[in-house]
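Asker: I am attaching a structure below and will ask some questions about it afterwards.
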Amino acid sequence: MDTDQQVILCTAATDKVIGILQNKPESGEAATVRILGRSKVVADAALAIGDIISTQTDGQAQVVAATEYSKGIVIKAVSNATEVAECILIPFALTA
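Counting along the sequence shown from 1, when you hit position 51 you're at 51 in the working numbering, and nothing is skipped either side.
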């Protein structure tokens with residue numbers, strides 16, 4: 001969220017996210033954001049079951065690296081970027 005409490009796209013793995021967007025609202029429309037539980041997520045690269053994920057600069061999921069905030073754990077793997085994986089959302093935590 002930004003300082004005006006508007007939902008915005010994450011642009012870095014170091015962003016502290018509130019959850020995963022569940023709809024595609026137009027500007028000014030309400031955003032539905034899942035903050036805990038199971039969710040689908042668009043992958044930025046291959047993701048394996050058990051991978052801990054964070055956000056890439058395009059808002060897609062990537063494997064978390066040191067000094068990045070984790071967002072979830074993959075429970076449905078994908079082989080390529082832009083495929084839809086599934087994860088369990090977890091409150092953000094700094095990995096290192």
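Backbone N, C-alpha and C define an ideal beta-carbon position, used for all residues, glycine too.
1) Of the choices Gln6, Ile75 and Asn80, whose alpha-carbon is the least far from that of Lys40?
2) Looking at the unbroken beta strand (DSSP E) that takes in Ala61, where does it start and where does it end?
3) For a test of the three-state rule: what should DSSP assign to Thr55, helix, strand or coil?
4) For Gly72, report the span of its beta strand (DSSP E) as first-last.
5) Taking all protein chains shown into account, decide if Thr14 is buried (16 or more other Cβ within 10 angstroms of its Cβ) or exposed.
6) Compute the beta-carbon to beta-carbon distance between Leu36 and Ala85, rounded to the nearest angstrom, for a pair I have assumed lies under 8 Å.
Answerer: Walking through what the data contain:
1) Position 40 of the sequence shown holds residue 40. When only C-alpha atoms are compared, the closest one is Ile75.
2) By 1-based counting over the sequence shown, the position of residue 61 is 61. Taken as a continuous stretch (DSSP letters only), the beta strand (DSSP E) holding Ala61 covers Ala61 to Val63.
3) Translated into positions along the sequence shown, residue 55 becomes position 55. Looking at Thr55 - three-state DSSP - the assignment turns out to be strand.
4) In the sequence shown, the residue the question calls residue 72 occupies position 72. Secondary structure note for Gly72: its beta strand (DSSP E) is the uninterrupted segment Tyr69 to Lys76.
5) Here residue 14 corresponds to residue number 14 of the sequence shown, with the count starting at 1. Counting Cβ neighbours within 10 Å, Thr14 comes out exposed, since fewer than 16 surround it.
6) Taking the first residue of the sequence shown as position 1, residue 36 is located at position 36. Taking the first residue of the sequence shown as position 1, residue 85 is located at position 85. Contact flag wrong, Cβ pair sits at about 17 Å.
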